[in-house]
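Some notes on the structure that comes next.
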Amino acid sequence: ALLALVAAARALSSCRSLDLEAARLKRIEAVRGQILSKLRLPAPPPDPPPPAEPPRGPEPPLPEELRALYNSTRELLRQRARLRPPEDPQEYYAKEL
(Lines of atoms letter the chains of each structure in order from A and count residues from 1; the text may use other names and numbers.)
(Lines give C-alpha, C1' and ligand atoms only; values in the text may rest on other atoms or scores of the structure.)
Protein backbone atom coordinates (compact mmCIF):
# COMPACT_ATOMS: atom_id res chain seq x y z
CA ALA A 1 0.00 0.00 0.00
CA LEU A 2 2.85 2.33 0.85
CA LEU A 3 4.50 1.58 -2.47
CA ALA A 4 1.32 2.53 -4.30
CA LEU A 5 1.18 5.85 -2.46
CA VAL A 6 4.79 6.66 -3.37
CA ALA A 7 4.14 5.82 -7.03
CA ALA A 8 0.98 7.97 -7.03
CA ALA A 9 2.82 10.87 -5.40
CA ARG A 10 5.52 10.69 -8.06
CA ALA A 11 2.95 10.66 -10.83
CA LEU A 12 1.24 13.76 -9.43
CA SER A 13 4.45 15.67 -8.83
CA SER A 14 5.03 18.42 -11.36
CA CYS A 15 8.66 18.94 -10.28
CA ARG A 16 11.29 17.47 -12.55
CA SER A 17 14.53 16.20 -11.14
CA LEU A 18 17.27 18.76 -11.64
CA ASP A 19 20.45 17.71 -13.37
CA LEU A 20 22.96 20.11 -11.84
CA GLU A 21 25.74 19.26 -14.27
CA ALA A 22 23.52 19.93 -17.29
CA ALA A 23 22.35 23.22 -15.74
CA ARG A 24 25.95 24.23 -15.06
CA LEU A 25 27.01 23.47 -18.65
CA LYS A 26 24.01 25.38 -20.00
CA ARG A 27 24.93 28.39 -17.87
CA ILE A 28 28.55 28.27 -19.04
CA GLU A 29 27.41 28.25 -22.67
CA ALA A 30 25.04 31.15 -22.00
CA VAL A 31 27.83 33.23 -20.45
CA ARG A 32 30.14 32.38 -23.36
CA GLY A 33 27.46 33.54 -25.75
CA GLN A 34 27.04 36.80 -23.85
CA ILE A 35 30.78 37.44 -23.91
CA LEU A 36 31.03 36.72 -27.64
CA SER A 37 28.05 38.98 -28.27
CA LYS A 38 29.61 41.79 -26.24
CA LEU A 39 32.86 41.42 -28.20
CA ARG A 40 30.87 41.16 -31.46
CA LEU A 41 32.55 37.89 -32.38
CA PRO A 42 30.67 35.17 -34.28
CA ALA A 43 32.75 32.38 -32.67
CA PRO A 44 35.50 32.06 -30.09
CA PRO A 45 38.98 32.85 -31.42
CA PRO A 46 41.26 29.86 -32.02
CA ASP A 47 43.68 28.92 -29.26
CA PRO A 48 47.13 30.44 -29.81
CA PRO A 49 49.93 27.96 -30.53
CA PRO A 50 52.20 27.27 -27.57
CA PRO A 51 55.32 29.46 -27.57
CA ALA A 52 58.41 27.76 -28.88
CA GLU A 53 60.96 27.55 -26.11
CA PRO A 54 64.53 28.41 -27.03
CA PRO A 55 67.08 25.74 -26.20
CA ARG A 56 68.16 26.23 -22.61
CA GLY A 57 71.78 25.94 -21.76
CA PRO A 58 73.50 26.51 -18.46
CA GLU A 59 72.66 29.83 -16.83
CA PRO A 60 75.44 32.42 -17.07
CA PRO A 61 77.10 33.08 -13.71
CA LEU A 62 75.83 36.02 -11.69
CA PRO A 63 78.33 38.91 -11.58
CA GLU A 64 80.03 39.15 -8.18
CA GLU A 65 79.10 42.85 -7.74
CA LEU A 66 75.43 42.02 -8.19
CA ARG A 67 75.60 39.11 -5.75
CA ALA A 68 77.35 41.33 -3.16
CA LEU A 69 74.72 44.07 -3.57
CA TYR A 70 71.89 41.55 -3.13
CA ASN A 71 73.47 40.02 -0.01
CA SER A 72 74.19 43.41 1.57
CA THR A 73 70.60 44.53 0.95
CA ARG A 74 69.25 41.39 2.61
CA GLU A 75 71.56 41.89 5.58
CA LEU A 76 70.48 45.54 5.92
CA LEU A 77 66.81 44.49 5.94
CA ARG A 78 67.52 41.87 8.63
CA GLN A 79 69.28 44.50 10.78
CA ARG A 80 66.36 46.92 10.44
CA ALA A 81 63.93 44.18 11.43
CA ARG A 82 66.00 43.38 14.54
CA LEU A 83 66.28 47.05 15.57
CA ARG A 84 62.59 47.83 15.08
CA PRO A 85 60.77 47.85 18.42
CA PRO A 86 58.05 45.22 18.78
CA GLU A 87 54.61 46.52 17.96
CA ASP A 88 52.24 46.95 20.89
CA PRO A 89 49.04 44.95 20.24
CA GLN A 90 46.97 47.60 22.04
CA GLU A 91 48.28 50.28 19.71
CA TYR A 92 47.23 48.21 16.70
CA TYR A 93 43.62 47.92 17.88
CA ALA A 94 43.42 51.49 19.17
CA LYS A 95 44.13 53.16 15.82
CA GLU A 96 41.29 55.10 14.28
CA LEU A 97 40.91 54.96 10.55
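All residue numbers in the sequence shown are consecutive under this note's numbering, ending with 97. The beta carbon of each residue, even a glycine, is placed where N, CA and C say it ideally should be.
Item: Skipping 5 residues on each side, what residues in its chain have a beta carbon closer than 6 angstroms to that of residue 82?; Value: none
Item: Would you tell me roughly how many angstroms separate the C-alpha atoms of residue 25 and residue 57, rounded to the nearest one?; Value: 45 angstroms
Item: Relative to the C-alpha of residue 44, which candidate in 50, 34, 51, 87 has its C-alpha closest?; Value: 34
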